[in-house]
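See below for the structure under consideration.
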Amino acid sequence: MPDKDYPKLGVVGHSVKKVDAFGLAAGAPVFVADEIPRDCVYMAMVFSPHAHARILGIDASEALAMDGVLAVYTHKDVPRVIHTTAGQGYPEPSPYDTYMLDDKVRFVGDRVAAVVATDRHLVREAVKRVKVEYEVLDAVFDPREALKPGAPVIHDEPQARMPIPVTYDPKRNLAAHVEAIVGDVDAGERDADVVVEGYFYHHQYQHSPIEPHVCLAWPDPNGRLIIKTSTQVPFHVRRIVAARLGIPIRQIRVIKPRIGGGFGTKQEVLLEDIAGFAALQLKRPVLFEYNRTEELRSSRTRHAMYIRMRAGAKQDGSLSFIDMHAVMNTGAYGSHGLTVLSNTGSKTLPLYRWPNIRFIGDTAYTNLPVAGAYRGYGGTQGGFALEATMDELARKLGIDPVKFRRMNHIREGQTSPIFEALGEGKAGVPQTVNSCGLDACLDKGADAFGWDRPIPKRVDGPIRRGKGMVTLMQGSAIPDIDMGAASIKLNEDGSFNLLVGATDLGTGSDTVLAQIAAEVLHVPVEKVIVYSSDTDLTPFDVGAYASSTTYLSGMAVKKAAEKMRDRIFDVAARLSGVPVDELVLTDGAVQAGDKGLVTFERIGLSTLYEKDQQQLIATASHIVHQSPPPFSAHFAQVAVDTETGIIKVERYVAAVDCGQAINPALAEGQIEGAVVNGLSAALYEELRYNEKGALKNKDFDTYKIMGTMDLPRIRTILVPTHEPTGPFGAKSVSEICINGPMPVISNAVYDAVGIRLREAPFTPEKVLALLRDKGY
Amino acid sequence: MKITFKLNGRDEEWEVEPGANLLDVLRENGHTEVKRGCDTGDCGACTVLVDGVPRSSCTMMAGQAQGREITTIAGLGDALDPHPLQQAWVEVGAVQCGFCTPGMILSAKALLDEAPMPTEDQIKDALSGNLCRCTGYVKPIEAIKLTATRLNNDKGVTDA
Ligand code: FES
Ligand code: FES
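Line by line, the protein sequences are chains A and B.
Quick note: the first sequence, position 430, residue 429 per numbering that gives the first Met the number 0, numbers continuous.
Quick note: the second sequence, position 41, residue 40 per numbering that gives the first Met the number 0, numbers continuous.
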């Protein structure tokens with residue numbers, strides 16, 4: 000369905016080449032650590048070996064005596080400003096519970112002291128020579144234990160607080176509490192013909208961007224602090240670092256170059272504060288980069304979650320109630336501890352028309368590595384429990400799971416009370432679904448998968464095959480909170496510079512945004528030069544999170560480009576003498592009736608050099624009042640080896656309604672990447688600890704992420720819809736598909752062997768144990 | 000100590016610390032086209048070709064380069080004059096963040112030198128040492144197939 004103002008799309012909807020791809024494919028020096036200034040020095044951190052301890056003393060003399068060691072900073076040397084590391088809007092809906100360096104450590108891998116030296120190997124040696132005396136405290140690792148009376152209090156500092164008025168009780172290790180009640184679940188249960196009930200556990204794993212966190216900070220000649228950093232949130236970095244260092248925001252410039260993947264972990268301000276502090280102290284460039292072990296242990300992870308589900312339906316297939324209780328583990332600090340929890344309900348429950356809903360969630364502090372934003376953001380944890388529960392309901396009712404979803408999913412023109420009940424740190428906003436391609440996703444997905452055909456060789460020696468399916472939703476941006484802005488200016492060759500605060504973390508958003516501008520202005524993408532994410536040069540944007548960039552920043556770009564088009568028309572009218580309302584935009588020019596074409600070159604030359612000289616430039620901002628969900632249906636076939644417990648996913652189909660895909664190839668890439676990340680998490684990845692809370696799998700040899708060898712056949716189907724509030728009808732695509740693999744495997748394995756996988760990851764040991772119980 | 004070797008077709012003589020690894024030495028000498036993702040030989044971001052064979056440069060001593068021919072991604076092509084693999088990677092959308100890309104393309108190059116028309120399994124095998132968190136490997140595999148077809152068509156070999 001075309002946009003009424005743009006009946007024929009020339010650039011949008013086409014898989015144009017990613018604007019930065021040739022440089023990246025050539026290995027160009029575009030990442031933070033690729034260009035190191037000559038006088039650069041290196042920072043490394045002393046990390047805590049204890050899960051919970053008070054620091055009694057730090058002796059850095061031996062380290063400082065080493066030739067080339069410049070500084071060792073402890074909690075006594077750095078500003079003491081309580082904050083959150085979560086790179087969210089202001090005020091952040093995450094607890095202020097963190098100091099740059101503290102006299103207490105709360106997990107194995109917590110920051111203790113920062114060392115700076117002239118060489119990257121030397122600094123690692125010096126870290127080993129810093130002697131720290133600890134008073135070890137009792138630790139707690141299970142969030143359910145942490146919430147019990149008498150558990151060790153992890154944040155006993157009186158300053159810990161929530162910057163917004165919500166429940167927060169650190170004395171009980173309670174980092175967040177959420178409740179949403181619609182109707183009456185008890186009445187719903189009395190009404191139900193079938194009820195299913197069960198516990199689910201979604202485990203802890205890590206984003207594993209191939210480029211670990213890295214940041215380079217240096218003072219400019221006038222003493223301003225420049226921070227080049229691998230971040231998803233440059234403007235939040237500027238604001239948060241200014242607060243932590245106690246310097247004005249204007250004294251800081253944050254530049255985001257190309258970044259080697261983020262997936263949420265780089266929505267966290269982790270390195271920039273202390274690297275910036277050292278750069279100002281030492282008046283030299285400071286490079287601070289995590290190695291792989293530090294990335295796995297001391298950056299951020301998925302929030303582990305226990306979910307108890309009860310749900311009921313009537314014999315005719317209609318839903319009666321759902322009761323969902325989540326206990327989430329945020330680790331030692333509460334980053335995103337409230338909002339991931341509320342999204343566990345808000346990015347899942349509206350998918351179906353429940354007349355009665357109860358969602359209760361608690362987030363607990365524990366002495367484990369810290370969780371944070373991770374692609375899917377609660378939708379992943381909640382989606383696992385919800386979709387496995389839907390499968391159980393469908394089976395109990397004897398209704399085909401595809402049909403069961405069709406009977407109950409939300410449709411265009413409908414709303415869910417959950418949209419209003421659950422927001423991100425405040426009440427949500429009511430919204431009606433304007434676009435929903437879920438039926439088409441189910442049709443096309445089922446067709447491509449062959450859902451109605453029997454599975455070939457269901458039984459094959461010890462192998463049992465089965466199939467499963469799920470449906471999914473997410474959101475697009477945070478309504479009434481997030482803002483993105485864009486500026487666009489005309490050059491004298493008829494090209495444009497597009498300046499956006501939006502942050503491309505490898506997703507291709509620079510390209511997508513250039514396509515949107517190019518479409519409005521009737522030029523090929525090559526004529527739109529994008530520059531993004533530099534707090535001195537580009538307008539503001541909240542950054543890359545909450546599936547917002549295409550939907551939110553894309554609309555800012557569209558508005559800016561339309562303003563630019565109007566400015567161009569004004570000049571063209573003056574140059575041609577033809578009134579504005581008779582002008583028409585054509586390729587790279589304005590058609591001025593019978594006066595012929597006024598090219599953009601002509602307009603650029605005229606405005607810059609000829610008469611009434613001026614820079615044609617237009618800026619627009621955009622906020623959204625709703626968060627339209629993309630929708631998706633996933634189908635998978637698994638083979639379960641009943642002798643080894645190994646699950647192999649053989650085929651996978653993901654059909655996705657992301658509205659209008661601005662760049663189909665890039666949209667497919669988001670889907671494929673998210674599916675494989677989800678498969679990897681469901682089957683292989685888990686952060687494992689010893690009894691003292693120390694991470695056991697500290698490298699990619701022992702922490703396995705999926706490579707090519709385990710890859711199923713993946714088929715991606717884009718189902719076009721038109722979201723009227725999005726640019727050219729677009730919604731989001733980046734997060735939704737990571738929510739599919741875990742429940743779809745659980746459902747398919749049940750189909751194959753009749754065991755219900757409730758605890759992720761689905762390791763051969765767990766599968767075997769359940770198979771044995773089942774008599775295999 | 001001194002090492003002499005060929006780097007991207009040019010003769011080089013470098014002074015290196017004994018015990019230094021090749022990845023560090025390459026990057027310190029400005030060859031930051033070789034990326035660092037783990038330092039333990041597990042991610043493949045630092046892949047180089049050693050006499051045509053893909054190796055993780057982070058687990059190789061610089062001294063082991065002595066007398067060898069080392070190829071980094073810069074030896075294949077650049078943004079203005081891309082190698083057919085780089086061209087295909089860009090065309091099919093196999094570059095997302097691009098951090099794994101140089102290493103993957105080098106693994107692919109070694110594969111196509113050995114097996115001009117590889118099977119899907121051969122491709123998966125060749126890329127098995129290169130981790131990518133962004134693409135799900137679907138489009139990189141497609142890029143290799145496309146390149147193979149193109150190179151073989153150029154040579155007049157029929158598409159199998
Ligand atoms: S950096 Fe060498 S394999 Fe990862
Ligand atoms: S494209 Fe990002 S890791 Fe491969």
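All C-beta atoms, glycine included, are put in the ideal place defined by N, C-alpha and C.
What residues from chain B crowd round residue i, counting only those whose CB sits closer than 9 Å?
i, result
"aspartate 506(A)", "Per the sequence shown, residue 506(A) should be read as threonine rather than aspartate. Per Cβ cutoff of 9 Å: Gln95, Cys96 and Cys133."
"leucine 710(A)", "Lys123, Gly135, Tyr136, Val137 and Ile140"
"glutamate 419(A)", "Those do not exist, as glutamate 419(A) stays about 35 Å from chain B at its closest Cβ, beyond 9 Å."
"arginine 291(A)", "Gly36, Cys37, Asp38, Thr39, Asp41 and Cys42"
"leucine 665(A)", "Gly92 and Gln95"
"proline 233(A)", "The premise fails here: proline 233(A) is roughly 16 Å from chain B at the closest Cβ pair, so nothing lies under 9 Å."
Along chain A, which residues have their Cβ under 8 Å away from the Cβ of residue i?
i, result
"glutamine 85(B)", "Phe21, Ala24 and Ala25"
"lysine 144(B)", "Under the 8 Å cutoff, chain A gives no residues; its nearest Cβ is about 13 Å from lysine 144(B)."
"glutamate 90(B)", "Lys16"
With a 10 Å radius around its C-beta and 16 neighbouring C-beta atoms as the bar for buried, classify residue i as buried or exposed.
i, result
"aspartate 168(A)", "exposed"
"tyrosine 289(A)", "buried"
"alanine 159(B)", "Caution is warranted here: a pLDDT of 41 is assigned to alanine 159(B), below 50, making its placement in the model unreliable, and the coordinate value is therefore given only provisionally. So alanine 159(B) counts as exposed."
"histidine 335(A)", "buried"
"methionine 482(A)", "buried"
"isoleucine 2(B)", "buried"
"glycine 677(A)", "buried"
"lysine 773(A)", "exposed"
"asparagine 221(A)", "exposed"
"arginine 9(B)", "exposed"
"serine 60(A)", "exposed"
"aspartate 580(A)", "exposed"
"glutamate 609(A)", "exposed"
Identify the contact partners of residue i in chain B, using a Cβ-Cβ distance below 7 Å as the criterion.
i, result
"glutamate 685(A)", "The contacting residues do not exist; glutamate 685(A) stays about 16 Å from chain B at best."
"isoleucine 515(A)", "Those within 7 Å of isoleucine 515(A) in chain B number zero; the least Cβ separation is about 18 Å."
In the structure shown, what three-state DSSP assignment does residue i receive?
i, result
"histidine 82(A)", "strand"
"threonine 598(A)", "strand"
"tryptophan 88(B)", "helix"
"arginine 357(A)", "strand"
"threonine 388(A)", "helix"
"methionine 116(B)", "coil"
"glutamate 91(A)", "coil"
"cysteine 70(B)", "The sequence given here has threonine at residue 70(B), not cysteine. If DSSP states are grouped into helix, strand and coil, threonine 70(B) belongs with the strands."
"lysine 402(A)", "helix"
"leucine 22(B)", "helix"
"valine 639(A)", "strand"
"alanine 216(A)", "strand"
"threonine 157(B)", "In this prediction, threonine 157(B) scores a pLDDT of 49, lower than 50, which makes its location untrustworthy; the coordinate-derived value is nonetheless stated afterwards. Looking at threonine 157(B) - three-state DSSP - the assignment turns out to be coil, as it is neither helix nor strand."
"arginine 374(A)", "coil"
"phenylalanine 98(B)", "coil"
"threonine 148(B)", "helix"
Would you mind telling me which residues of chain A sit closer than 7 Å to residue i, beta carbon to beta carbon, in chain order?
i, result
"serine 56(B)", "The premise fails here: serine 56(B) is roughly 13 Å from chain A at the closest Cβ pair, so nothing lies under 7 Å."
Any heavy atom of ligand 3 inside 7 Å of the beta-carbon of residue i?
i, result
"aspartate 38(B)", "As far as ligands go, the structure on display features ligand 1 and ligand 2 and does not contain ligand 3."
Check the Cβ of residue i against every Cβ in chain B and list those closer than 8 Å, keeping chain order.
i, result
"glycine 706(A)", "Leu126, Ser127, Gly128, Asn129, Leu130 and Tyr136"
"alanine 543(A)", "Near alanine 543(A) there are no residues of chain B at all, since even the closest Cβ is about 12 Å away, more than 8 Å."
- Query: Within the chosen definition, does the segment 385-401 of chain A reach the segment 310-330 of chain A through at least 3 CB pairs nearer than 8 Å?
  - Reply: The segment 385-401 of chain A vs the segment 310-330 of chain A: in contact.
- Message: Does the segment 467-477 of chain A come into contact with the segment 719-734 of chain A, if we say contact requires no fewer than three beta-carbon pairs (one atom in each stretch) closer than 8 Å?
- Response: Contact between the segment 467-477 of chain A and the segment 719-734 of chain A is present, because at least three Cβ pairs lie under 8 Å.
- Query: At which residue ranges does the segment 261-315 of chain A contain complete beta strand (DSSP E) runs of 3 or more residues, listed in the order of the chain?
  - Reply: Taken in chain order, the complete beta strand (DSSP E) segments of 3 residues or longer contained in the segment 261-315 of chain A are 285-288 and 303-312.
- Any contact of the segment 475-494 of chain A with the segment 619-630 of chain A, i.e. 3+ C-beta pairs under 8 Å? Flag = yes, the segment 475-494 of chain A and the segment 619-630 of chain A touch.
- Query: Which parts of the segment 510-594 of chain A are runs of the beta strand (DSSP E), unbroken and 3 residues or longer, counting only runs that do not cross its ends?
  - Reply: Counting whole runs of 3 or more residues, the segment 510-594 of chain A contains the beta strand (DSSP E) stretches 527-531, 582-585 and 588-591.
- Query: Is the segment 43-52 of chain A in contact with the segment 74-94 of chain A, if contact means three or more CB pairs nearer than 8 Å?
  - Reply: Contact fails: fewer than three Cβ-Cβ distances are below 8 Å.
- Item | Continuous beta strand (DSSP E) assignments of at least 3 residues falling wholly in the segment 17-79 of chain A | When DSSP assignments are scanned along the segment 17-79 of chain A, the uninterrupted stretches of beta strand (DSSP E) that are 3 or more residues long and fall wholly within it turn out to be 40-46, 52-58 and 68-72.
- Every unbroken alpha helix (DSSP H) inside the segment 124-169 of chain A [4 residues or more]: Taking only runs of at least 4 residues, the alpha helix (DSSP H) segments lying wholly in the segment 124-169 of chain A are 142-145.
- Would you call the segment 592-607 of chain A and the segment 451-459 of chain A touching, i.e. three or more CB-CB distances under 8 Å? Output reads no: the segment 451-459 of chain A does not touch the segment 592-607 of chain A.
- For the segment 181-198 of chain A and the segment 116-131 of chain A, state whether three or more C-beta atom pairs, one from each stretch, are separated by less than 8 Å. Segments in contact, no.
- Item | Within the segment 429-469 of chain A, ranges of the alpha helix (DSSP H) (whole runs, at least 4 residues) | Note on the segment 429-469 of chain A: whole alpha helix (DSSP H) runs with a minimum of 4 residues are 437-448, in chain order.
- Item | Unbroken stretches of the alpha helix (DSSP H), 4 residues or longer, contained in the segment 643-690 of chain A | Along the segment 643-690 of chain A, the alpha helix (DSSP H) occurs as fully enclosed runs of 4 or more residues at 663-682, listed in sequence order.
- Message: Counting beta carbon pairs with one atom in the segment 48-68 of chain A and one in the segment 121-137 of chain B, are three or more of them shorter than 8 Å?
- Response: At 8 Å Cβ cutoff, the stretches do not touch.
- Query: Do the segment 705-723 of chain A and the segment 352-369 of chain A meet, that is, are 3 or more Cβ pairs less than 8 Å apart?
  - Reply: As far as the Cβ criterion goes, the segment 705-723 of chain A does not touch the segment 352-369 of chain A, which means the pair count is below three.
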